Structure formats: structure tokens, C-alpha cells
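Enquirer: First residue of the sequence shown: 1, per my numbering; consecutive thereafter. Even for Gly, the Cβ is constructed at its ideal location relative to N, Cα and C. Computed from a predicted structure; not experimentally measured.
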Amino acid sequence: MTDTANIDARSIAIIGGGPAGLMAAEVLSAAGLPVDLYDAMPSVGRKFLLAGVGGMNITHSEAAAPFLSRYREASPWVGEWLAEFDAQALRDWIHGLGIDTFVGTSGRVFPTDMKAAPLLRAWLKRLREQGVRLHTRHRWLGWDDNAVLRFNTPDGEIKARAAATLLALGGGSWARLGSDGSWAPLLSARGVDVRSLRPSNCGFISAWTPFLSERFAGQPLKQIVASTRSPAGETISRRGEAILTHDGLEGSLIYALSAVLREQLEARNKAELTLDLAPDHTQTQLQQALSQPRNGQSLSNLLRKKAGLDGVKVALLHECLNKEVIANPALLAAGIKALPIILTQTRPLDEAISSAGGVCRSALDSHLMLKALPGTFCAGEMLDWEAPTGGYLLTACFASGRRAAEGVLAWLATP
Numbered sequence: 001m002t003d004t005a006n007i008d009a010r011s012i013a014i015i016g017g018g019p020a021g022l023m024a025a026e027v028l029s030a031a032g033l034p035v036d037l038y039d040a041m042p043s044v045g046r047k048f049l050l051a052g053v054g055g056m057n058i059t060h061s062e063a064a065a066p067f068l069s070r071y072r073e074a075s076p077w078v079g080e081w082l083a084e085f086d087a088q089a090l091r092d093w094i095h096g097l098g099i100d101t102f103v104g105t106s107g108r109v110f111p112t113d114m115k116a117a118p119l120l121r122a123w124l125k126r127l128r129e130q131g132v133r134l135h136t137r138h139r140w141l142g143w144d145d146n147a148v149l150r151f152n153t154p155d156g157e158i159k160a161r162a163a164a165t166l167l168a169l170g171g172g173s174w175a176r177l178g179s180d181g182s183w184a185p186l187l188s189a190r191g192v193d194v195r196s197l198r199p200s201n202c203g204f205i206s207a208w209t210p211f212l213s214e215r216f217a218g219q220p221l222k223q224i225v226a227s228t229r230s231p232a233g234e235t236i237s238r239r240g241e242a243i244l245t246h247d248g249l250e251g252s253l254i255y256a257l258s259a260v261l262r263e264q265l266e267a268r269n270k271a272e273l274t275l276d277l278a279p280d281h282t283q284t285q286l287q288q289a290l291s292q293p294r295n296g297q298s299l300s301n302l303l304r305k306k307a308g309l310d311g312v313k314v315a316l317l318h319e320c321l322n323k324e325v326i327a328n329p330a331l332l333a334a335g336i337k338a339l340p341i342i343l344t345q346t347r348p349l350d351e352a353i354s355s356a357g358g359v360c361r362s363a364l365d366s367h368l369m370l371k372a373l374p375g376t377f378c379a380g381e382m383l384d385w386e387a388p389t390g391g392y393l394l395t396a397c398f399a400s401g402r403r404a405a406e407g408v409l410a411w412l413a414t415p
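#1: Output the residue ranges of the beta strand (DSSP E) runs that lie fully inside the segment 74 to 123 and measure 3 residues or longer, sorted by chain position.
#2: Would you tell me roughly how many angstroms separate the C-alpha atoms of I342 and P220, rounded to the nearest one?
#3: In terms of alpha-carbon separation, which member of T153, G16, N322, L331 lies closest to L290?
#4: Starting from G55 and walking both ways along the beta strand (DSSP E), at which residues does that stretch end?
#5: Shortest alpha-carbon distance to L253 belongs to which of C202, S298, S61, S400?
#6: Please check the pair R425 and I205, which I expect to be a contact at CB under 8 Å, by giving their CB distance rounded to whole angstroms.
#7: Would you please state the rounded distance, in angstroms, between the beta carbons of L265 and Q345? I believe it to be under 8 Å.
#8: For H60 versus R91, is the C-beta spacing smaller than 7 Å?
#9: What's the C-alpha gap between T105 and T153?
#10: For the putative contact between L177 and M41, defined by C-beta atoms under 8 Å, what is the C-beta separation to the nearest angstrom?
#11: Using a Cβ-Cβ cut-off of 6 Å (strictly less than) and excluding sequence neighbours within five positions of F493, which residues of its own chain qualify?
#12: Are D36 and A13 closer than 7 Å when you measure CB to CB?
#13: Rounded to whole angstroms, what's the CA-CA distance from A404 to L339? Just pull it up for me.
#14: Helix, strand or coil for E26? Go by DSSP, reduced to three states.
#15: Might you give, ordered along the chain, the residues of its own chain that have their beta carbon closer than 6 Å to the beta carbon of P329, omitting 5 neighbours on each side?
#16: Of all the options K222, F377, A168, which has the alpha carbon lying nearest to the alpha carbon of D180?
#17: By a C-beta neighbour count over all protein chains shown, 10 Å radius and 16 as the cutoff for buried, is G131 buried or exposed?
#18: Under a Cβ-count criterion, where at least 16 other Cβ atoms within 10 Å of its own Cβ denotes burial, should K305 be classed as buried or exposed?
#19: Just the C-alpha distance for V194 and S188, rounded to the nearest angstrom, thanks.
#20: If you follow the beta strand (DSSP E) that K159 is part of, which residue opens it and which one closes it?
#21: Keeping to the same chain, check which residues put their C-beta closer than 7 Å to that of A217; ignore five residues upstream and five downstream.
#22: List in chain order: all unbroken alpha helix (DSSP H) runs of 4+ residues lying wholly within the segment 262 to 315.
#23: Should the segment 276 to 283 be regarded as contacting the segment 256 to 264, the criterion being three or more beta carbon pairs within less than 8 Å?
#24: Using alpha carbons as the reference points, say which of L68, A163, S227, H135 lies closest to L373.
#25: Looking at the structure shown, is V225 part of a helix, part of a strand, or coil, going by DSSP?
#26: Which class does D247 belong to by DSSP, given the choice of helix, strand or coil?
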């Protein structure tokens with residue numbers, strides 16, 4: 001084992017090379033501090049690059065109040081970070097890297113070329129010019145008995161002293177990209193309150209029959225409305241598209257409701273979702289159309305012509321409704337407008353886009369410093385907050401990185 005100490009103990013150690021860690025490195029190096037950034041992977045920003053596959057949705061153009069509401073119960077906390085670095089500030093920062101942005105029809109904001117790689121390259125160039133030292137393939141192992149940082153590297157274990165440490169280690173999803181949640185027991189052992197990591201923006205499992213699973217897995221459910229109830233009894237509905245999988249449902253529409261559905265599962269071991277398969281038709285219109293003589297048409301053909309239902313929607317009706325309901329035009333119309341789906345589990349954490357849980361707000365001061373470990377700060381997805389896709393996740397990660405970095409500067413300046 002190699003046991004060496006960082007030559008410059010005045011350096012700020014940042015552990016984690018995602019958006020939060022890189023943003024913290026920029027703020028601290030711009031202030032003239034030496035910064036060493038460590039990442040377990042062979043290169044930094046791997047999950048950031050993956051998020052850019054198919055279009056780099058960097059933030060959202062939504063007005064401040066609804067934007068902040070996306071963070072649900074964590075809104076007051078995240079709001080403190082966004083007050084200093086909001087969606088417009090993020091866009092301005094990107095423009096400063098020489099990358100233009102545009103607002104899509106959904107209100108989501110993208111780089112003009114829709115790619116993450118050019119943005120990351122420009123950013124890393126800036127960081128290197130500011131003197132940030134990147135140490136890849138350095139997996140953090142915690143601290144030794146003298147509170148010195150330990151890392152596993154290809155050359156064996158090394159140790160590093162730092163004037164302050166900023167942890168930006170991600171959540172628990174996509175372990176192959178570095179976010180494996182292995183930091184949680186290290187912090188818990190030091191007296192830090194950590195809420196268990198759970199899937200967020202994830203798919204769900206339902207007990208499909210072999211027929212539906214084998215014949216229709218992978219088929220899109222287009223132009224539907226999904227609804228569920230919050231713990232407070234509020235009906236939450238979203239319109240969009242989902243994917244029928246071999247054992248459940250996935251897709252952006254399901255992800256948008258995932259936090260509420262997961263909470264139902266945690267409380268009752270099941271979640272209830274209703275799907276409106278024909279949102280552009282009223283129940284009365286459907287009932288009237290289904291009550292007309294078929295004139296030799298099959299029910300599937302009638303549903304396609306009168307309700308716009310394709311094969312996968314018709315199959316889902318047969319999956320979830322019994323024969324008596326399907327044979328009754330009034331009951332079938334009601335089923336089309338509110339098809340009940342029972343979900344029994346989330347997909348595994350490692351398959352989720354992001355995770356909920358993490359370092360509790362109560363464990364941190366207002367500058368995101370751990371109360372149990374003065375001089376150690378946290379940022380990004382490892383904190384206990386969550387948000388839907390649409391740019392909200394990335395915006396808060398960037399903002400929390402800045403917030404924690406400003407906290408480091410304030411702590412170092414304190415006599």
C-alpha cells in the first residue's frame with residue numbers, strides 16, 4: 001500500500017466529478033484556492049454525458065414559483081440554492097462557456113446542438129486553466145484515524161490532507177457510472193443522519209399476464225393521461241406517453257408521478273394508477289359510440305375507429321377489465337377513461353434515473369456543511385431532495401455545488 005499525503009494541505013478536496021462537484025471546483029478555484037477533484041471513474045461527468053444522450057435538457061424555462069414547486073417538500077431548502085443560482089443564471093453561465101441554448105416547445109432548455117459533450121469539454125478546459133487538478137480512478141474510502149482522506153487508486157491506497165472537503169458523490173442510481181451510494185455507511189458511521197436511498201424517476205412493476213407481457217412489451221402508450229392520489233388525497237394528473245414493459249410501466253409520464261407512487265408503495269405495499277386511454281373523448285361520447293350496432297365489426301376495430309385505441313391499449317383493457325365490463329358499453333367507456341392499474345414495486349434503484357433520500361437537511365448547516373464534521377460539505381444528488389426530469393435535477397445540482405462552495409469560502413474566512 002502506498003501511503004502518501006497531499007503535498008498541499010491547503011488544497012480543497014472535492015470528491016465527485018458530476019455537475020455539483022465540478023461547479024464547486026469552478027467557484028473555489030476562481031477564488032484563488034488550490035483545488036483537487038477526485039473521482040472514482042476513469043473520467044469525470046459520466047452520468048452528465050449519459051443524460052445528454054438524445055438531447056441535453058439542461059434546465060427549464062418555467063416561471064420561478066412553479067419551477068420551485070417541482071421539488072415538493074424540499075422546495076424551501078432547494079429554494080435557498082436557487083435564490084443564488086437559478087435557471088436563468090445557469091443559462092447565462094452556459095453562454096459564458098460559448099454554448100448557446102434554446103427553449104423547446106415543452107419549455108425545456110437545451111444547448112443548441114443538443115449535446116452534453118461540447119459543454120463538458122469547454123467546462124473542463126476552464127477548470128484546468130483555473131488550476132483545478134483532476135484525479136480520476138480515485139475511489140474515496142473515508143477517513144483514517146487522523147481524519148485524513150483515504151483513496152483507493154490503481155497504484156494502491158493513498159491519503160490526502162485538505163483544508164476543507166466537499167462531497168458531491170451522487171445518489172444511488174447508475175452505479176456503473178459512479179453513483180452507487182457507497183458513501184452512505186461512511187457518513188452514517190460518523191454520526192451523519194442519512195435517509196435511505198430509494199428510486200426516483202423510475203419505472204414500476206405490475207403483474208401482467210404472459211399474453212400481455214409477451215405480445216406487447218416495449219409498446220408505447222401514446223396520448224394518455226395518468227392519474228394518482230397524493231398522501232393528502234389530492235388527485236395528480238399528467239398527460240404524455242408511457243412504455244408498457246414486460247412487467248410494468250416506464251417512461252416520462254410514469255417518472256413524473258414516481259415520487260407519489262413510491263410513497264403509496266411505502267405506505268400500503270401497493271400503488272394505484274388510473275389511465276385515461278382516450279383523453280380527447282368524453283365518457284359520454286365513448287358510451288354512445290360503443291352502444292351503436294357493430295355491423296360485423298370486431299370490438300378491437302370499433303375501439304380503434306371510435307375511440308382511437310390501438311392494439312396495445314385494447315390489450316391493456318382486456319388485461320385490466322373483466323368480460324362483463326367489456327361487454328357493457330357504459331362500463332367499458334368508464335374503464336377507458338379511468339383504467340385501474342395496480343403497481344406492486346418500483347424498478348430497482350440502479351435502474352432509476354435518480355434517487356430520493358440521502359444526507360438529511362437537519363445534518364447540515366445553511367452552508368451545506370455537516371454539523372458532525374466541521375469543514376466537510378455536501379452537494380448534489382447525495383442530499384435528501386428529489387425532482388422530476390425536465391432540467392430540474394441538473395439545475396439544483398449545479399446550484400447546490402455553488403452553495404456548498406460558497407460555504408467553504410465562508411468557513412475558511414471565519415477566524
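Expert: On the basis of the coordinates in this document:
#1: 101 to 103, 108 to 111
#2: Residue 342 sits at position 342 when you count from the first residue of the sequence shown. Residue 220 sits at position 220 when you count from the first residue of the sequence shown. Taking the straight line joining both Cα atoms gives about 19 Å.
#3: As a position in the sequence shown, residue 290 is number 290, starting the count at 1. Measuring from the Cα of L290, the nearest candidate turns out to be L331.
#4: For the purposes of this step, residue 55 is taken as the residue at position 55 of the sequence shown. Secondary structure note for G55: it is in no beta strand (DSSP E), with a DSSP letter that is neither H nor E.
#5: Position 253 of the sequence shown holds residue 253. Checked all of C202, S298, S61, S400; the closest Cα to L253 is C202.
#6: Outside the modelled stretch of the chain, which goes from 1 to 415, sits residue 425, for which no answer is possible.
#7: Position 265 of the sequence shown, counted from the start, is the residue given in the question as residue 265. Position 345 of the sequence shown, counted from the start, is the residue given in the question as residue 345. Correct: roughly 7 Å between the Cβ atoms.
#8: The residue given as residue 60 occupies position 60 in the sequence shown. The residue given as residue 91 occupies position 91 in the sequence shown. No, Cβ-Cβ distance for H60 and R91 is not below 7 Å.
#9: Counting from one through the sequence shown, the residue named residue 105 turns up at place 105. Counting from one through the sequence shown, the residue named residue 153 turns up at place 153. Roughly 46 Å separates the two Cα atoms.
#10: Along the sequence shown, read from residue 1 onward, the residue named residue 177 stands at position 177. Along the sequence shown, read from residue 1 onward, the residue named residue 41 stands at position 41. About 7 Å; that satisfies the 8 Å criterion.
#11: Residue 493 cannot be examined here, being either before or after the span of the chain that is shown, 1 to 415.
#12: Here residue 36 refers to the residue found at position 36 when the sequence shown is read from its first residue. Here residue 13 refers to the residue found at position 13 when the sequence shown is read from its first residue. Yes. Within cutoff.
#13: Taking the first residue of the sequence shown as position 1, residue 404 is located at position 404. Taking the first residue of the sequence shown as position 1, residue 339 is located at position 339. The straight-line gap from Cα to Cα measures roughly 46 Å.
#14: Mapped onto the sequence shown, residue 26 falls at position 26. It is helical.
#15: Here residue 329 refers to the residue found at position 329 of the sequence shown. Residues Q287, L290, S291 of the same chain have their beta carbon placed closer than 6 Å to that of P329, with the five preceding and five following residues left out of the count.
#16: Residue numbering aside, residue 180 sits at position 180 when the sequence shown is read from its first letter. Distances from the CA of D180 to each of K222, F377, A168 were compared; the closest alpha carbon is that of A168.
#17: For the purposes of this step, residue 131 is taken as the residue at position 131 of the sequence shown. Within 10 angstroms of the beta-carbon of G131 lie fewer than 16 other beta-carbons, which makes it exposed.
#18: Taking the first residue of the sequence shown as position 1, residue 305 is located at position 305. K305 is exposed by the Cβ-count criterion.
#19: On the sequence shown, position 194 is the one that residue 194 refers to. On the sequence shown, position 188 is the one that residue 188 refers to. Roughly 6 Å separates the two Cα atoms.
#20: For the purposes of this step, residue 159 is taken as the residue at position 159 of the sequence shown. Taken as a continuous stretch (DSSP letters only), the beta strand (DSSP E) holding K159 covers 156 to 160.
#21: Counting from one through the sequence shown, the residue named residue 217 turns up at place 217. Only L244, T245, H246 meet the Cβ criterion.
#22: 283 to 291, 299 to 307
#23: no
#24: The count along the sequence shown starts at 1 and reaches residue 373 at position 373. Of the candidates L68, A163, S227, H135, A163 places its Cα closest to the Cα of L373.
#25: On the sequence shown, residue 225 is found 225 positions in, with the first residue counted as 1. In the structure shown, V225 sits in a strand (DSSP, three-state: E or B).
#26: Residue 247 sits at position 247 when you count from the first residue of the sequence shown. Coil at D247, not helix or strand.
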